[in-house]
Amino acid sequence: MEGAPMRSCGECSACCRLPEIAEIGKPASTPCKHLCPIGHGCKIYEGRPSTCSNYECAWLLGHGANADRPDRSGVLIELRQMRRGDGLFAKSYSGEGVNGDHGRAAIDRATKSASMACIVSDKNDMEIIRIDGPRQVVRRFRKVYGV
Ligand code: SF4
Ligand code: SF4
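Per this note's numbering, residue 113 is the first one in the sequence shown, and the count goes up by one each step.
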């Protein structure tokens, strides 16, 4: 993203805990068995699967405020190819997650900086609890998803 701030994951390990990673048999919402017990490093960093090495959450790509890193906001937001156009997808990571004040504000800031709608889910990918974002995009997404 042009002009995006340079960001690094630091102590965050949300994407090693939340998403399913088929190559290593990691189920969704379960910490990866390769996570270091102390700290947040990867025990197989050099040989980690491409899903891991290629992964960039919306925050790492520059969306939202610096303070919205997933381990701080409680929300992991990803850019995804949705049924009609690209969109954001947000899921709770910790604390009150997508329903907490910081989580809601992080989603709001990400939708604004990405100019995209965001599907907000709390349990699994198919359960849409709300769609946030610019009004026109949200309207289109609601139509596509029938919610
Ligand atoms: S969720 Fe984002 S910030 Fe956190 S470790 Fe993964 S890519 Fe980095
Ligand atoms: S293999 Fe490493 S980078 Fe991938 S999810 Fe597990 S701990 Fe994270």
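Even glycine gets a Cβ: it sits at the ideal position worked out from N, Cα and C.
query, result
"Would you list, in sequence order, the uninterrupted beta strand (DSSP E) runs of no fewer than 3 residues that lie entirely inside the stretch 180 to 240?", "187 to 194, 197 to 204, 230 to 233"
"Are at least three pairs of beta-carbons, each pair with one atom in the stretch 168 to 182 and one in the stretch 141 to 155, less than 8 Å apart?", "no"
"For MET228 and LYS138, I'd like the C-alpha separation in whole angstroms.", "29 Å"
"Tell me whether GLY204 is buried or exposed, calling it buried when 16 or more other Cβ atoms sit within 10 Å of its Cβ.", "Here residue 204 turns out to be Ser, not Gly, going by the sequence shown. It counts as buried."
"Measuring alpha carbon to alpha carbon, tell me which residue in GLY245, PHE253, CYS169, SER185 is nearest GLY212.", "SER185"
"With a Cβ-Cβ cutoff of 9 Å, do LEU191 and THR223 count as a contact?", "no"
"Measuring alpha carbon to alpha carbon, tell me which of ARG119, TRP171, THR142, ARG195 ends up nearest VAL187.", "TRP171"
"Kindly indicate the opening and closing residues of the alpha helix (DSSP H) around ARG254.", "247 to 257"
"How long is the line joining the alpha carbons of VAL256 and ARG196, rounded to whole angstroms?", "7 Å"
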